[in-house]
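Just so you know, the sequence shown maps onto residues 82 to 312 in my numbering.
Cβ atoms here follow ideal geometry from the backbone N, Cα and C, with glycine treated the same way.
Because the structure is a prediction, the values reported are computed rather than measured.
Written out below as structure tokens is the structure these notes cover.
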Amino acid sequence: MIRVLIIEDDLRIAQINRRFVEKVESFEVVGIATDEQQAHEHLEILAPDLVLLDLYFPDMNGLHLLHYIQKNNPLTDVIIITATKEFDTVREAIRGGVYDFMIKPVVFERFQEKLKSYQKYHQQMTLLGGANKQVDQEGIDQLLWGNSDRADKDTYLPKGIDKITSEKILSFIQDGPEVLTAEELGKQAGFSRTTARRYLEYFVAKGELVTDISYGTVGRPERVYKRKQGG
């Protein structure tokens, strides 16, 4: 799940944004902040993946908060949702590293489109940064420009992930039991437990599987993998 913090001084609008977020699969709202103190506290405690940030507050400047987030929560991305149409403000926000920008009022279809776009970006960041700490030009292009030139997001694969093997394992997952462990997959598909787990985690990062903890018959915790509902 992508964890979202809403920073908006108008609680009514914040609740509308919450409902919008919760209608988009794979996103959850972990908090709402309506002033600067709450924003700082929530950012420190919750460490969200994504902030939906308004720019105008009675007690603070939203652009200052944007710079605060970039400095203190460098792994948190920001989408601006604001009524401002001033070019200088928009330019400073873009230079401040925002992922995207929405002008109020925002209809759900537009909101959903922005979040789905961010979800693809977040998945690519997870795959490229989590599997290996180096990236080639194709990987950089994918992060910056999304799917504009490459329709198949699987073209770039992280280190240790082979296309043929991933297709074989994915086929087994789709046709096999609904819940399985890395050890079970390894035995049934002919891979080592380590290899099976690496590919299972890859599919989790892509959003095709979800994980849970099973305590089995003797109470020993074990990581299990499930096909995503509806996938």
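With contacts defined by Cβ atoms closer than 9 Å, Gln-255 and Arg-308 form a contacting pair. In the DSSP assignment, Arg-308 forms a beta bridge with Leu-290. Secondary structure remark: continuous alpha helix (DSSP H) runs of at least 4 residues inside the region 165-214, in chain order: 168-176 and 189-212.
Excluding residues up to 5 positions away in sequence, Gln-205 lie with their Cβ nearer than 6 Å to the Cβ of Leu-224 in the same chain. Boundaries of the alpha helix (DSSP H) around Glu-117: 117-127. Judged by beta-carbon spacing, Leu-196 lies within the 9 Å limit of Phe-108, meaning their Cβ atoms are closer than that value. Ser-247 sits in a helix when the DSSP states are folded into three classes. In this structure His-123 is buried. Its beta-carbon is surrounded by 16 or more other beta-carbon atoms within 10 angstroms. Looking at Leu-134, Ala-277 and Met-141, the one whose alpha-carbon comes closest to that of Ile-162 is Leu-134. For Glu-103, the enclosing alpha helix (DSSP H) starts and ends at 92-103.
The alpha-carbon separation between Gln-218 and Lys-201 amounts to approximately 18 Å. Annotation: Leu-147 is outside any beta strand (DSSP E); the continuous alpha helix (DSSP H) that includes it extends over 143-153. In the structure shown, Phe-108 falls within a strand segment according to DSSP collapsed to helix, strand and coil. DSSP places Leu-266 inside the alpha helix (DSSP H), whose first and last residues are 263-270. A residue is called buried once 16 or more other Cβ atoms fall within 10 Å of its Cβ, and Ile-242 is buried on that count. Taking 9 Å as the cut-off, the beta carbon of Tyr-180 is found no closer than this to the beta carbon of Tyr-149. Excluding sequence positions up to five before and after Arg-274, its CB lies within less than 7 Å of the CB of Ala-263, Glu-264 and Gly-267, all in the same chain and listed in chain order. One thing to note: Leu-131 has its Cβ no nearer than 9 Å to the Cβ of Ile-94. For Val-111, same chain residues with a beta-carbon under 7 Å away, outside a window of 5 residues either side, are Arg-84, Val-85, Leu-86, Leu-127 and Pro-129 in chain order. Leu-156 counts as exposed, since fewer than 16 other C-beta atoms from the protein chains shown sit within 10 angstroms of its C-beta.
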